[in-house]
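K.L.:
Under the numbering used here, the first residue of the sequence shown is numbered 727, with each subsequent residue one higher.
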Amino acid sequence: MTTLDMNTPGEVRLILRGEQENTILATLRRWPHWLRAEVEHDPVDKAQCLAVTLITDRNQESTLREILRRSFGMTFPPEGGDIAMKPAPPPKPQRRGFAPRRG
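1) Could you give the residue range of the alpha helix (DSSP H) that holds T789?
2) Hey, would you say I750 sits closer than 9 Å to S797, going by beta carbons?
3) Which residues in the same chain have their Cβ closer than 6 Å to the Cβ of Q746, if we skip the five residues on either side of it in sequence?
4) Hey, out of M800, P769, R791, L780, whose CA is closest to L742's CA?
5) What three-state label does DSSP hand A810 in the structure shown?
6) Determine, using beta carbons only, whether T734 and I793 come nearer to each other than 9 Å.
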C-alpha cells in the first residue's frame with residue numbers, strides 16, 4: 727500500500743509498504759527534493775523493513791504527484807490517501823529469430 731500523507735503542515739509524506747513498492751523506492755530514492763527518509767523496522771526482526779517514508783516540502787507536491795501518476799498510474803485525491811499498487815504485467819514472451827521460409 728502506498729500512502730500520500732498531507733497531514734503534516736509544510737510537508738508531503740510518501741509512505742511505501744511492502745515489496746511491491748520497491749519499484750517506487752528505486753525510482754524516487756535519488757530525487758533531490760527529499761528532506762529526509764524514515765525507515766520502520768519490524769520490532770522482532772530488526773533486519774526486516776516494514777515501511778519507508780520519504781518526506782519533501784509541500785511546494786514539491788505537484789511534481790511528486792505527477793511522477794507517481796506518469797510512472798506508476800497512481801492518482802491520489804487532493805487530500806492524499808492510500809492506493810494499492812497494481813501488480814506488474816507479466817513479461818511478454820520473447821520470439822526467437824523467426825525467419826520466413828524461402829522457396
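All residues carry an ideal CB built from backbone N, CA and C; glycine is no exception.
P.N.:
The short version:
1) 787-798
2) yes
3) M811
4) L780
5) coil
6) no
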